[in-house]
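Positions -31 to -1, 1 to 399 (mature numbering (1 follows the signal peptide of the UniProt record, and there is no 0)) are the ones given, in order, by the sequence shown. Where a beta carbon is used, it is the ideal one built from N, C-alpha and C, also for glycine. Each remark here refers to the structure printed beneath this line.
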Amino acid sequence: MISRSSHRQQLRLHLHLLVHLLLASIQLSHSLGTFSNQTATPPAKVPCRPDQASALLRLGRSFSSTNASACTLASWRAGTDCCGWEGVACAAADGRVTALDLGGCGLESAAGLHPALFDLTSLRHLDLSGNSLNESQIPHAGFERLTELAHLNLSYSDFVGRIPDGIRRLSKLESLDFTNWIYLVEGDNDYSLPLGEGRWPVVEPDIGSLVANLSSLKELYLDTVDLSGNGAAWCSAFANSTPQLQALSLRNTNLDAPICGSLSLIHSLTKINLKYNRLHGRIPESLADLPSLSVLRLGYNLLEGPFPSRIFQNKNLTVVDISYNLKVSGVLPNFSSGSILTELVCSNTNFSGLIPSSISNLKSLKKLGVAAADFQQELPSSLVLELWLIWSSTFLHSYPDMGNLMELVVNFPGHRNEVPKQRCDLDLSS
């Protein structure tokens, strides 16, 4: 007969064995699951849909390349996966075209923009900048079908006409660029805009209507788009409809109005470029309240009155250009050592007084324009020398074969500091 103690011992052994078997089973199951997850084949990428390839091929046939073209669309061939074609990107899940980037390709289209483009209804990014559409009308219909579009760039594309109503319905737009060429002619020691017809091939008489539904817009570039019909309400239109706007560029848009203070309600604004217009009245003091303002370009306008000195106190400020506003007055402030200004241009204004010695604190300064008869003090020699060295070394590095075309001139009456005098070509990129 088995004793009770022996029976208990056997039970303990059986239980111990069962526990070990259970733990081993759990560990094996976990290991197999981990191995399965590590070796599982990722889902196959869906190739381009036939209807998407067909639309692209029709669009591609409407373009022709020249010897100067940077793209030829040679990869756009029937029977191949269009998701791998030049400038094309697709959604992996369904093979629909989500991005078409032909920016800077230098292609030409004699008949204008082909309507096949609007069959690509899943597009989020569309860049046709730097291609010639042969001064064709911007299509009145079609853009409203691109409801997913977030980025639209049609700059330098030789379009004419009004910005189509369909673009006003693209509520997901984050960036819109209709920039056109700005033609400047050289005058007496400066540059000015030519007069005459043809300066504004694209027209937008109602900026409020354009942006009314574009509440997601972060960047807007309408350089050389005719905005002359908008009057004084142009900036309140942005304040009312584009609360996320960060970059606003309206150079050479024929604006003939004041800058209203409501522009400062768009707290996200970092870059404002309003050069080459007929803006008049005072520069709003409230622009100093924009917490992230980095670039302020107001040159070549008809502005007047004192320049708000508080603007200079913005720690994010890198560029201030108020040149050629003959009735804008002010004095240069004391610049802190923490200033990150790279451009300071107040030439051909009514600025006066002393040039503060603290201007030497502007260690990042690369462009300085303070030519005015009313300044009463020469620049610190150390700053003139430093600016010259920075400018010349940068220029030589970029253009090693053009060393004889350098010049840095800080030009105002009575200035006695000397720098090498040769020649300077004006940079019109801003």
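Backbone secondary structure at residue 32 - three-state DSSP
In the structure shown, residue 32 sits in coil (DSSP, three-state: anything other than H, G, I, E or B).
In whole angstroms, what separates the C-alpha of residue 194 from that of residue 101?
Roughly 17 Å between the two C-alpha positions.
Out of 86, 36 and 41, which one is the CA nearest neighbour of residue 23?
The shortest Cα separation from residue 23 among 86, 36 and 41 belongs to 86.
Have a look at 257, 19, 28 and 266 and flag the residue whose alpha-carbon is nearest the alpha-carbon of residue 316.
Cα-wise, what sits closest to residue 316 is 266.
Residue 218 and residue 190 closer than 8 Å at C-beta
Taking 8 Å as the Cβ cut-off, residue 218 and residue 190 qualify as a contacting pair.
Minimum C-alpha distance to residue 249 - residue among 233, 234, 271 and 261:
Of the candidates 233, 234, 271 and 261, the one whose C-alpha sits nearest the C-alpha of residue 249 is 271.
Separation of residue 243 from residue 264, as counted between CA atoms
Going by the C-alpha atoms only, they are around 11 Å apart.
Alpha carbon to alpha carbon, how far is residue 173 from residue 205?
Distance between residue 173 and residue 205, taken at the CA atoms: about 16 Å.
Through-space distance from residue 130 to residue 109, alpha-carbon basis
A direct Cα-to-Cα measurement between residue 109 and residue 130 gives close to 9 Å.
Backbone secondary structure at residue 24 - three-state DSSP
Assigned with DSSP and collapsed to three states, residue 24 falls in helix.
Please classify residue 227: does DSSP put it in a helix, a strand, or coil?
DSSP places residue 227 in strand when its eight states are reduced to three.
So, helix, strand or coil for residue 256, using DSSP?
Collapsing the DSSP output to three states places residue 256 in a helix.
Looking at C-alpha atoms only, which residue of 256, 333 and 247 is the closest neighbour of residue 293?
Residue 247 is the option with its Cα nearest to residue 293.
Under 8 Å: do the region 297 to 309 and the region 320 to 327 share three or more Cβ pairs, one atom per stretch?
They touch, by the three-pair rule.
Alpha helix (DSSP H) segments (min. 4 residues) lying fully within the region 162 to 221
Taking 4 residues as the minimum length, the alpha helix (DSSP H) runs contained wholly in the region 162 to 221 are 176 to 180 and 203 to 210, in order along the chain.
With 16 other CB atoms within 10 Å as the buried threshold, where does residue 303 fall?
Burial call: exposed.
Per-residue DSSP class, three states only, for residue 110
Under the three-state reduction of DSSP output, residue 110 falls in the coil class, being neither helix nor strand.
By DSSP's criteria, residue 319 is part of a beta bridge. Which residues make up the other side?
Among the bridge pairs identified by DSSP, residue 319 is matched with 298.
What do you reckon, are the CB atoms on residue 98 and residue 117 nearer than 8 Å?
No. Outside cutoff.
Should residue 283 be labelled buried (16 or more other beta-carbon atoms within 10 Å of its own) or exposed?
With 16 or more Cβ atoms within 10 Å of its Cβ, residue 283 is classed as buried.
Please report the straight-line C-alpha distance between residue 186 and residue 69, rounded to a whole angstrom.
The C-alpha of residue 69 is placed about 20 Å away from the C-alpha of residue 186.
What does a CB cutoff of less than 7 Å around residue 202 pick up in its chain, not counting 5 residues either side in sequence?
If the five residues before and after residue 202 are omitted, its C-beta is found closer than 7 Å to the C-beta atoms of 177, all from its own chain and listed in chain order.
Per DSSP, residue 313 forms a beta bridge with which residues?
BP columns for residue 313 point to 289 and 337.
Sorted by chain position, which residues of the same chain lie with C-beta nearer than 7 Å to residue 74's C-beta, five sequence neighbours on each side aside?
The residues are 38, 39, 40, 99 and 100.
When the distance is taken between beta carbons, is residue 64 closer than 8 Å to residue 21?
Yes.
At what residue ranges does the region 81 to 110 contain a whole run of the beta strand (DSSP E), taking only runs of 3 or more?
Inside the region 81 to 110, DSSP marks whole beta strand (DSSP E) runs of 3 or more residues at positions 94 to 96, from first to last along the chain.
Can you tell me which residues form a DSSP beta bridge with residue 146?
Paired residues: 122 and 190.
In this structure, how does DSSP classify residue 17 when only helix, strand and coil are distinguished?
Looking at residue 17 - three-state DSSP - the assignment turns out to be coil, as it is neither helix nor strand.
Backbone CA spacing between residue 132 and residue 291 [nearest angstrom]
Taking the straight line from one Cα to the other gives about 30 Å.
Could you tell me if the beta carbon of residue 90 falls within a distance shorter than 7 Å of some heavy atom in the ligand SAM?
Among the components modelled here there is no ligand, and therefore nothing to report on the ligand SAM.
Cβ neighbour criterion (16 or more within 10 Å) applied to residue 134
Classification for residue 134: exposed.
I think residue 144 touches residue 77, with their Cβ atoms under 8 Å apart; what is that distance to the nearest whole Å?
Approximately 25 Å separates the beta-carbon atoms of residue 144 and residue 77; this is outside 8 Å, ruling out the contact.
Take residue 146 and list the residues in its own chain whose beta-carbon comes closer than 6 Å to its own, dropping the five residues that flank it on each side.
The residues are 122, 124 and 190.
Can you give me the C-alpha to C-alpha distance between residue 209 and residue 48, rounded to a whole angstrom?
Each residue's alpha carbon lies about 49 Å from the other.
Taking the CB atoms as reference points, tell me whether residue 79 and residue 67 lie closer together than 8 Å.
Residue 67 is positioned such that its CB atom lies no closer than 8 Å to that of residue 79.
First and last residue of the uninterrupted beta strand (DSSP E) at residue 132
For residue 132, no beta strand (DSSP E) run applies, since DSSP gives it neither H nor E.
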